[in-house]
Structure formats: structure tokens, C-alpha cells
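*Asks:*
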Amino acid sequence: MNTPDTTTEAHANTRPSAADDLPDYAPIPRPALGPALNEQGYYVGRVERNLYWVTDGTYQSAFLTTTDGVVLLDAPPTIGHNIQRAVDEIASANGVSNRVAHLVYSHHHADHAGASSLFNGDIARIGHEETRNLLLRDDDPARPAPEETFGDRRTLEIGGQRIELVWHGANHSPDNIFIHLPDHDTLMLVDIVNPGWAPVYQSNLTEDVQGYIEATDTALGYPWKHFIGGHMGRLGTRDDIAVHQQYMDDIVASSRTALDTVDPTPYFVKYGENTWAAVRGYLDAVTATAATPVIEKYTGVLASADVFTASTTFHVMQSLRLDLGYGSQVHP
Ligand SMILES: [Zn+2]
Numbered sequence: 169m170n171t172p173d174t175t176t177e178a179h180a181n182t183r184p185s186a187a188d189d190l191p192d193y194a195p196i197p198r199p200a201l202g203p204a205l206n207e208q209g210y211y212v213g214r215v216e217r218n219l220y221w222v223t224d225g226t227y228q229s230a231f232l233t234t235t236d237g238v239v240l241l242d243a244p245p246t247i248g249h250n251i252q253r254a255v256d257e258i259a260s261a262n263g264v265s266n267r268v269a270h271l272v273y274s275h276h277h278a279d280h281a282g283a284s285s286l287f288n289g290d291i292a293r294i295g296h297e298e299t300r301n302l303l304l305r306d307d308d309p310a311r312p313a314p315e316e317t318f319g320d321r322r323t324l325e326i327g328g329q330r331i332e333l334v335w336h337g338a339n340h341s342p343d344n345i346f347i348h349l350p351d352h353d354t355l356m357l358v359d360i361v362n363p364g365w366a367p368v369y370q371s372n373l374t375e376d377v378q379g380y381i382e383a384t385d386t387a388l389g390y391p392w393k394h395f396i397g398g399h400m401g402r403l404g405t406r407d408d409i410a411v412h413q414q415y416m417d418d419i420v421a422s423s424r425t426a427l428d429t430v431d432p433t434p435y436f437v438k439y440g441e442n443t444w445a446a447v448r449g450y451l452d453a454v455t456a457t458a459a460t461p462v463i464e465k466y467t468g469v470l471a472s473a474d475v476f477t478a479s480t481t482f483h484v485m486q487s488l489r490l491d492l493g494y495g496s497q498v499h500p
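Each residue of the sequence shown is one higher than the last, beginning at 169 in the working numbering.
1. Could you tell me which residues DSSP pairs with A261 in its beta bridges?
2. Measuring only the C-alpha atoms, how far is R330 from N344?
3. The beta strand (DSSP E) with L349 in it runs from where to where?
4. Quick test of your reading: V469 and V411, contact by CB under 8 angstroms. State the CB separation rounded to the nearest angstrom.
5. Among all residues, which have a Cβ less than 5 angstroms from at least one non-hydrogen atom of ligand 1, and in what chain order do they fall?
6. Tell me which same chain residues have a C-beta within less than 6 angstroms of the C-beta of T175, skipping the five on either side of it?
7. For A186, count neighbouring C-beta atoms within 10 Å of its own C-beta (all shown protein chains included) and say buried if the count is 16 or more, exposed if not.
8. Taking A254 and A281 to be in contact with their CB atoms under 8 angstroms, please state how far apart those CB atoms are, rounded to whole angstroms.
9. Is the CB-CB distance between R267 and G237 below 7 angstroms?
10. Let me know the beta strand (DSSP E) ranges lying completely inside the region 186–269, each 3 residues or longer, listed in chain order.
11. Out of curiosity, what's the CA-to-CA distance linking G401 and E297?
12. Nearest-angstrom Cα distance between A194 and S472?
13. Mapping DSSP to helix, strand and coil, what is E382?
14. Span of the beta strand (DSSP E) holding E464?
15. For G328, which residues from the same chain have a beta carbon less than 7 angstroms from its beta carbon, with the 5 sequence-adjacent residues on both sides left out?
16. Take F395 as the anchor and find which of I360, L324, Q378, Q370 has the nearest alpha-carbon.
17. Whole angstroms is fine: what's the gap from G404's alpha carbon to G397's?
18. Could you pull out every unbroken beta strand (DSSP E) segment of at least 3 residues lying fully inside the region 307–374, listed in chain order?
19. Please look up how many angstroms separate the CB atoms of N339 and Y380, rounded, as I've assumed it's under 8 angstroms.
20. By a C-beta neighbour count over all protein chains shown, 10 Å radius and 16 as the cutoff for buried, is V498 buried or exposed?
21. Tell me whether H348 is buried or exposed, calling it buried when 16 or more other Cβ atoms sit within 10 Å of its Cβ.
22. What are the residues that DSSP puts in a beta bridge with I396?
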């Protein structure tokens with residue numbers, strides 16, 4: 169038996185016995201992809217001067233080499249031990265220290281911080297105070313809580329390098345911060361924009377949709393040329409942020425139109441006392457109506473627009489209803 173989940177794209181059979189029976193999707197636009205990985209499965213490249221980024225093709229980490237050791241920005245477990253290999257490679261090529269002395273957490277999630285405990289001993293862990301609270305709550309030995317915390321903002325001066333950490337409110341997670349490197353023309357903001365790609369499920373698994381949407385305006389308010397988004401195989405540009413903003417704007421506009429036009433009556437007539445069946449039928453229809461034109465517009469523009477747009481549309485549409493009260497009616 170197949171249980172379709174229409175908050176994602178529904179397919180006839182999600183557990184076929186052969187790969188050939190799995191659904192096909194649109195080809196990935198070439199500009200979505202980044203540089204080739206080495207034999208160990210990573211790529212390390214210079215962002216600007218002594219700032220470097222590392223990717224495994226899906227996740228990203230970054231680091232600064234300084235006279236006071238290396239400052240690591242996130243430690244995704246999928247890159248894992250390749251983080252130190254990348255640091256070693258750069259440090260030996262440049263004759264600088266390979267000792268990771270500082271680790272900055274972008275937010276508390278395990279997929280970006282789960283290799284943190286590989287870096288132990290004499291290391292300063294730095295993060296937002298809510299990152300500390302959440303990591304203490306979650307009690308995962310792979311992610312030691314930061315001891316050096318801040319509230320709204322903190323400027324780090326490490327080995328002559330400046331890193332500005334700013335919390336602008338909840339977005340993807342309650343604790344997700346902006347990491348601005350003004351002397352390297354770079355902004356690191358994780359799990360908001362995946363350059364070249366559509367967001368994964370539900371606006372990149374975002375907890376606060378309105379904060380998520382606002383975060384890109386905030387990002388563009390900073391001066392920078394290079395964007396480290398935490399995901400996929402390449403760095404981003406200001407144009408990548410603009411394309412993502414248009415995509416989200418289109419989802420919002422299309423969701424409003426669908427909420428205005430899809431008639432709920434048939435679902436409630438059909439399902440009678442099974443209210444949840446009616447709600448599901450109606451909201452699934454709103455989602456499909458809203459997502460279809462967006463998928464058409466962005467196929468070939470953003471990789472996997474056909475894979476995840478319906479999921480994000482469902483999520484955004486719920487935020488329109490629940491956060492903004494769109495379509496809410498008071499019983500007469
Ligand atoms: Zn996350």
C-alpha cells in the first residue's frame with residue numbers, strides 16, 4: 169500500500185524494488201553545481217585572502233587561518249574528518265598554524281555542528297546564547313555547547329581578523345546567526361539560501377517562515393561579495409539571493425491566489441464528519457494549485473524546483489494563514 173504525502177510531491181510508489189521504478193526529475197542546471205571533489209570527497213577553496221571554504225557537495229564549512237590558530241565556522245558531520253584534512257592542506261601550503269583554536273556555531277543543528285567534538289582540547293567554542301541553551305537541552309556529546317556566548321551581537325577579533333556575529337531574530341531556527349566577515353567581503357548565513365538550488369523540504373526545514381523570508385533582505389543589507397550558505401557545492405552571489413527572494417515571493421503570491429480561489433465546499437461535502445479528511449483534501453488542493461506555476465517558472469532555474477516546491481509552498485501557505493491571518497474569518 170502506498171500512502172501519498174502531498175505536502176511533498178506525491179508519486180505512485182516511493183518504495184519500489186528497483187531504482188528504475190523511482191520517479192524522474194528535471195535535470196540539474198549546470199550552474200547549480202560546484203567544483204569537483206578530491207579523492208577523499210571534499211573540495212577546499214579560497215574565498216578571499218585567508219578565508220577558505222570546504223564542501224562535500226552538499227554541506228559547507230569555512231575557516232580563517234590566523235596568527236592565533238584557525239577559526240572554524242561550523243563543523244558538518246558529513247564533511248567530518250575532511251575538515252581537518254582541508255585545514256592541514258591549506259596550512260601546510262601557506263606555512264601557517266593548522267591548530268583549530270576557535271569554533272563558531274552558526275546554529276545548534278546537528279547537520280552543521282555534529283563534527284564539533286572532533287575539535288577538542290584547547291578550543292574556544294563561540295555561539296549565540298540560545299545555541300548554548302538548545303545544545304545543553306539536546307545533550308548530544310557530538311556537539312559541546314559553546315562557552316562564549318552573546319545576545320544580539322558580538323565582534324570577534326582573533327589574530328587580527330574581524331568576525332561580526334549578529335542575531336537578527338528567529339528564522340530557520342531560533343538561534344541562527346549572521347556571520348559577517350567585513351574584511352573578506354563575505355557573509356555566512358546557513359540554511360536560508362542554497363545557491364543554485366530550491367530550498368529542501370519546507371523552506372529548508374524552517375521553524376519561523378516570516379523570519380526566514382525577512383532574513384534575505386537583512387542579508388542584502390550587509391556589504392559582501394561572497395556568500396557561504398552552508399549548503400550544496402558552490403558559494404553564492406548577491407544574484408543568488410535575489411533569485412531565491414523572487415522564488416519565495418512567487419510562492420507567497422501564488423499561495424494567496426490559491427487560498428482566494430480554491431473552493432473548500434466539495435471536500436467538506438464529500439467527507440462529512442471526517443473533518444481532517446476534508447481539511448487535508450482542501451489544503452492539498454490549495455498547495456498543488458499554488459505550486460504548479462512556480463514549479464514551471466523555476467524548473468531549469470533552481471535545481472530541484474520540481475522536487476521540493478510543493479513542500480515549501482505548503483509550509484509558506486500555513487504561515488500566511490497562521491502567522492499573518494490571511495483568509496481567516498470570524499464566525500458571524
Ligand atoms: Zn539547520
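Backbone N, C-alpha and C fix where the C-beta goes; we use that ideal spot for every residue, glycine too.
These figures come from a predicted structure and were not determined experimentally.
*Replies:* Judging by the given coordinates:
1. Your numbering for residue 261 matches position 93 in the sequence shown. Beta-bridge pairing links A261 to no other residue.
2. Numbered from its first residue, the sequence shown carries residue 330 at position 162. Numbered from its first residue, the sequence shown carries residue 344 at position 176. Between the C-alpha atoms of R330 and N344 there is a straight-line separation of about 19 angstroms.
3. As a working mapping, residue 349 is identified with position 181 in the sequence shown. Segment 346–349, the beta strand (DSSP E) holding L349.
4. The sequence position of residue 469 within the sequence shown is 301, counting from 1. The sequence position of residue 411 within the sequence shown is 243, counting from 1. Right, the Cβ-Cβ distance comes to about 7 angstroms (below 8 angstroms), so this counts as a contact.
5. Neighbourhood of ligand 1, defined by CB distance below 5 angstroms to any of its heavy atoms: H277, D359, in chain order.
6. In the sequence shown, residue 175 corresponds to position 7, counting from 1. For T175, the predicted model reports a pLDDT of 47, less than 50, meaning its position is unreliable and no value from the coordinates is stated.
7. Start at 1 with the first residue of the sequence shown, and residue 186 comes out as number 18. Here A186 is exposed, its C-beta having fewer than 16 other C-beta atoms within 10 Å.
8. Residue numbering aside, residue 254 sits at position 86 when the sequence shown is read from its first letter. Residue numbering aside, residue 281 sits at position 113 when the sequence shown is read from its first letter. So it is not a contact: roughly 17 angstroms between Cβ atoms.
9. Translated into positions along the sequence shown, residue 267 becomes position 99. Translated into positions along the sequence shown, residue 237 becomes position 69. The criterion of a C-beta distance shorter than 7 angstroms is satisfied by R267 and G237.
10. Within the region 186–269, complete beta strand (DSSP E) segments of at least 3 residues are found at 211–216, 219–223, 228–234, 237–241, given in chain order.
11. Along the sequence shown, read from residue 1 onward, the residue named residue 401 stands at position 233. Along the sequence shown, read from residue 1 onward, the residue named residue 297 stands at position 129. C-alpha separation (whole angstroms): 30 angstroms.
12. To locate residue 194, count along the sequence shown from 1; it is residue 26. To locate residue 472, count along the sequence shown from 1; it is residue 304. Straight-line Cα distance between these residues: approximately 7 angstroms.
13. Translated into positions along the sequence shown, residue 382 becomes position 214. For E382, the three-state secondary structure derived from DSSP is helix.
14. Here residue 464 refers to the residue found at position 296 when the sequence shown is read from its first residue. Premise fails: E464 lies in the alpha helix (DSSP H), 443–466, not in any beta strand (DSSP E).
15. Start at 1 with the first residue of the sequence shown, and residue 328 comes out as number 160. Closer than 7 angstroms at Cβ, skipping near neighbours: T234, T235.
16. Locating residue 395 in the sequence shown gives position 227, counting from the first residue. The residue from I360, L324, Q378, Q370 with its alpha-carbon nearest to that of F395 is I360.
17. Counting from 1 along the sequence shown, the entry for residue 404 is found at position 236. Counting from 1 along the sequence shown, the entry for residue 397 is found at position 229. So the two alpha carbons sit approximately 7 angstroms from each other.
18. Listed in chain order, the complete beta strand (DSSP E) runs (minimum 3 residues) inside the region 307–374 are 316–318, 321–326, 329–334, 346–349, 354–356.
19. For the purposes of this step, residue 339 is taken as the residue at position 171 of the sequence shown. For the purposes of this step, residue 380 is taken as the residue at position 212 of the sequence shown. Here N339 really is in contact with Y380; their C-beta atoms are around 5 angstroms apart, less than 8 angstroms.
20. Along the sequence shown, one-based indexing puts residue 498 at 330. The residue in question, V498, is exposed, as its Cβ has fewer than 16 Cβ neighbours within 10 Å.
21. Here residue 348 is taken as the residue at index 180 of the sequence shown, counted from 1. H348 should be labelled buried.
22. What you label residue 396 is simply residue 228 of the sequence shown in a count that begins at 1. Secondary-structure assignment with DSSP links I396 through a beta bridge to M356.
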